[in-house]
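Per the numbering used here, numbering of the sequence shown is gapless, rising by one per residue and ending at 485. Every residue gets a Cβ at the ideal spot worked out from N, C-alpha and C, and that includes glycine.
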Amino acid sequence: METKTIRFLRRGEPISLANVPPDRTLLEVLREDLACTGTKEGCGEGDCGACTVVLAEPEGEGLRFRAINSCIRLAHSVDGMALWTAEDLAAEDGALHPAQEAMVQCHGTQCGFCTPGFVMSLFGMYQNHVCKGEAVTRELAQAELSGNLCRCTGYRPILDAAQAMAGLPPVRVDQARVAAQLREMNEAPAPGQGAYLAPKSLAGLLAARAAHPQAQIVAGCTDVGLWVTKQHRQFAQILDVTRVAELRRVEQYPHHIAIGAAVTLSDAFAALVADRPQLKTFGERFAGLPVRNSGTLGGNVANGSPIGDSMPVLIALGANVVLMSQRGHRELPLEQLYTGYRQNVIAADEVLAWIKVPRPTKAEQLKAYKISKRYDDDISAVCLVVNLTLDGDLVQRASIGAGGVAATPVRARQAEASLNGQRWTQQAAQRAAAALRAEFQPISDMRASAAYRSEVLGNLMQRFWLESQGLTQINLESFELEEAA
Ligand SMILES: Cc1cc2nc3c(=O)[nH]c(=O)nc-3n(C[C@H](O)[C@H](O)[C@H](O)COP(=O)(O)OP(=O)(O)OC[C@H]3O[C@@H](n4cnc5c(N)ncnc54)[C@H](O)[C@@H]3O)c2cc1C
Ligand code: FES
Ligand code: FES
1 METKTIRFLR
11 RGEPISLANV
21 PPDRTLLEVL
31 REDLACTGTK
41 EGCGEGDCGA
51 CTVVLAEPEG
61 EGLRFRAINS
71 CIRLAHSVDG
81 MALWTAEDLA
91 AEDGALHPAQ
101 EAMVQCHGTQ
111 CGFCTPGFVM
121 SLFGMYQNHV
131 CKGEAVTREL
141 AQAELSGNLC
151 RCTGYRPILD
161 AAQAMAGLPP
171 VRVDQARVAA
181 QLREMNEAPA
191 PGQGAYLAPK
201 SLAGLLAARA
211 AHPQAQIVAG
221 CTDVGLWVTK
231 QHRQFAQILD
241 VTRVAELRRV
251 EQYPHHIAIG
261 AAVTLSDAFA
271 ALVADRPQLK
281 TFGERFAGLP
291 VRNSGTLGGN
301 VANGSPIGDS
311 MPVLIALGAN
321 VVLMSQRGHR
331 ELPLEQLYTG
341 YRQNVIAADE
351 VLAWIKVPRP
361 TKAEQLKAYK
371 ISKRYDDDIS
381 AVCLVVNLTL
391 DGDLVQRASI
401 GAGGVAATPV
411 RARQAEASLN
421 GQRWTQQAAQ
431 RAAAALRAEF
441 QPISDMRASA
451 AYRSEVLGNL
461 MQRFWLESQG
471 LTQINLESFE
481 LEEAA
């Protein structure tokens, strides 16, 4: 099948690559086709950040920069974008970029293997914060480097480097020029789509889906990428949803927000956090920043992993999903999307188009808990999200989403029933904890045993009760990095 030529900007110059297979990764293209071996492969599964590169697309007058993992990103997905790798930062005379110079001055590089990835996350931080005059706090640096692992535990000098960048002589990307070059490139796309379909409109997406139901749908590729790199699956044809303008938007309505399926996890959580600030930490604990910058909310929901993080939140918030095809659209509560382990009701000609999230009410009490082995950049063993609508101490409505306890993300109906119409007391919380433990029969796997999962599920309800009474907990969220330094 014909493959469209990939075109992107690097160091201000257009690069054209013909005959790239649809399932070839960006890292393979960089290292093997372009012989740019400065970008490293560590894990090949989005975990370590050694392969981090930065992408930019036009936004407003300038550019939107995103650090992403090139190991699980498909090469065709960067068509029409600007790309920076660790080899693109130094000036022509060899002068280092502040992201590099700060690493040198702060002794931030030890083994050096992970360093190109750290430098690229620093470059993303530089563009998104330092160039806008925003301070890089320790908290920000830690959040933005959450997708980069240093196996020799040398995080402190790297965090120092993040904070030192602003004090070095500035280096600016000519954003207006790059944006104009990208607009010109995108106005005259290379002809033909063939093996990698990337429609730009919803109508185009629905037509492509109807015409090519066998094509593998891909969004940010943070799940599908691992099927390529770890399971060695091959895809003859790919349908990429991330260029569809309508699905890249978050739309605000009086009673709900509608998040397009192709909105990145970073932007989707920002929209959720704008309405519900208590979800901030939970959002930042979803993978690491490069995964959130590539992965989409629609991909998380459509993938339907039982340990996926956004679904328990969305279930507890009462979110609906909108499925669309050329035949029309249908809307259903998110929990009704799933029929079994990684199985759903999305038909062969349908796509997930929107996730509609009700706005908060004043009476809402909401907490989202994620239990994972590692605090950052890890997948949940158990997730519990409790949302109570209280009238005084009377539970008007309990809405509870859970992950890691069944074959799909689930609504905890029995625990909800035990609370609805009851007074919110310690006894009610204990009954709800018991109902939660009785309602699900989790499995044992490498993340946790079944017994642990059951125990912790009920414990989280107890914790929710304590926190609802204003009892402060000792928890990792209150841990200040500076104090340990
Ligand atoms: C290192 C790492 C850490 C991770 N940590 C977490 C974590 O903490 N919590 C968590 O929940 N997940 C985590 N994930 C999993 C993953 O990042 C998420 O599931 C992500 O939201 C997937 O979105 P995507 O856009 O990358 O989907 P893709 O990989 O592109 O697609 C996933 C699936 O959804 C389908 N799909 C995508 N969009 C649509 C659509 N619009 N309509 C129909 N089908 C569609 C695809 O066909 C595919 O089957 C992690 C992944 C990695 C690599
Ligand atoms: S190589 Fe580890 S995240 Fe890509
Ligand atoms: S500097 Fe590479 S693992 Fe620490």
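{"query": "Kindly provide the chain-ordered list of residues whose Cβ lies closer than 6 Å to any non-hydrogen atom of ligand 2.", "result": "41, 42, 43, 44, 46, 47, 48, 49, 50, 51, 69 and 71"}
{"query": "Identify the residues that DSSP records as bridge partners of residue 139: which are they?", "result": "Beta-bridge pairing links residue 139 to no other residue."}
{"query": "Would you list, in sequence order, the uninterrupted alpha helix (DSSP H) runs of no fewer than 4 residues that lie entirely inside the stretch 202 to 238?", "result": "202 to 211 and 224 to 229"}
{"query": "Starting from residue 338, trace the beta strand (DSSP E) in both directions and tell me its first and last residue.", "result": "338 to 340"}
{"query": "For residue 467, which three-state DSSP category applies?", "result": "helix"}
{"query": "Which residues mark the beginning and the end of the alpha helix (DSSP H) in which residue 119 is found?", "result": "115 to 128"}
{"query": "Going by the beta-carbon positions, is the gap between residue 464 and residue 370 smaller than 7 Å?", "result": "no"}
{"query": "Can you tell me whether residue 425 is buried or exposed, with buried defined as 16 or more other CB within 10 angstroms of its CB?", "result": "exposed"}
{"query": "Could you give the distance in angstroms between the alpha-carbon of residue 197 and the alpha-carbon of residue 237?", "result": "8 Å"}
{"query": "Return the first residue and the last residue of the alpha helix (DSSP H) that residue 160 is part of.", "result": "155 to 164"}
{"query": "Please classify residue 242: does DSSP put it in a helix, a strand, or coil?", "result": "coil"}
{"query": "Verify whether the separation of the beta carbon atoms of residue 54 and residue 86 is less than 7 Å.", "result": "no"}
{"query": "Just checking my contact of residue 210 with residue 325 at CB under 8 Å: how many whole Å lie between their CB atoms?", "result": "7 Å"}
{"query": "Are at least three pairs of beta-carbons, each pair with one atom in the stretch 434 to 454 and one in the stretch 381 to 394, less than 8 Å apart?", "result": "yes"}
{"query": "State buried or exposed for residue 51, treating a residue as buried only when at least 16 other CB atoms are found within 10 Å of its CB.", "result": "buried"}
{"query": "Which residues in the same chain as residue 131 place their Cβ atom closer than 6 Å to its Cβ, once the five residues preceding and following it in sequence are excluded?", "result": "none"}
{"query": "Just verifying my parser: in three-state terms, what is the DSSP assignment at residue 391?", "result": "strand"}
{"query": "Distance check for residue 274 and residue 76, CA to CA, integer angstroms please.", "result": "33 Å"}
{"query": "Between which two residues does the alpha helix (DSSP H) containing residue 252 stretch?", "result": "That residue, residue 252, is in no alpha helix (DSSP H); its beta strand (DSSP E) goes 250 to 252."}
{"query": "Taking the straight line between their C-alpha atoms, what separation do you get for residue 440 and residue 228?", "result": "33 Å"}
{"query": "Hey, out of 279, 79, 351 and 272, whose CA is closest to residue 241's CA?", "result": "351"}
{"query": "Ligand 1 heavy atoms versus the CB of residue 281: any closer than 6 Å?", "result": "no"}
{"query": "Taking only three categories from DSSP, how would you classify residue 8?", "result": "strand"}
{"query": "Taking the alpha helix (DSSP H) that residue 271 belongs to, which residues open and close that run?", "result": "265 to 275"}
{"query": "Going straight from the alpha carbon of residue 20 to that of residue 2, what length do you get?", "result": "10 Å"}
{"query": "By Cβ distance, which residues of its chain are closer than 6 Å to residue 225, with the 5 residues on each side in sequence left out?", "result": "72"}
{"query": "Give the C-beta separation of residue 205 and residue 161 to the nearest angstrom, bearing in mind that I take them to be a contact with Cβ-Cβ under 8 Å.", "result": "Contact flag wrong, Cβ pair sits at about 42 Å."}
{"query": "I'd like to know if the stretch 165 to 179 and the stretch 137 to 154 are in contact, where contact means that at least 3 CB-CB pairs between them fall below 8 Å.", "result": "no"}
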